[in-house]
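Step one of this worksheet: look at the structure below.
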Amino acid sequence: LQSFHPGTTVEEVQAKTGWTLRLADDYTETVPPSAEELKVIRECDPQGKWTR
Numbered sequence: 015l016q017s018f019h020p021g022t023t024v025e026e027v028q029a030k031t032g033w034t035l036r037l038a039d040d041y042t043e044t045v046p047p048s049a050e051e052l053k054v055i056r057e058c059d060p061q062g063k064w065t066r
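The sequence shown: position 21 = 35 (my numbering), numbered continuously.
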């Protein structure tokens with residue numbers, strides 16, 4: 015596991031995975047997308063089909 019989303023913990027991710035996770039030595043919380051990245055994502059997926 016390289017990173018995990020804000021609002022979750024490594025323990026929660028492990029509990030919802032069907033195998034033992036290998037943790038990167040420098041695992042961290044996933045950085046949320048920037049405003050510009052969100053803009054591009056929304057332009058590419060205006061219906062929110064893949065980003066919900």
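Where a beta carbon is used, it is the ideal one built from N, C-alpha and C, also for glycine.
May I have the straight-line CA-CA distance separating residue i from residue j, to the nearest angstrom?
i          : j          : result
residue 26 : residue 15 : 12 Å
residue 59 : residue 24 : 29 Å
residue 18 : residue 42 : 7 Å
residue 45 : residue 21 : 12 Å
residue 66 : residue 51 : 15 Å
residue 32 : residue 38 : 18 Å
residue 49 : residue 57 : 12 Å
Shorter than 7 Å, the distance from the beta carbon of residue i to the closest heavy atom of the ligand ATP, or not?
i          : result
residue 66 : The ligand ATP is not among the ligands present in this structure, which contains no ligands whatsoever.
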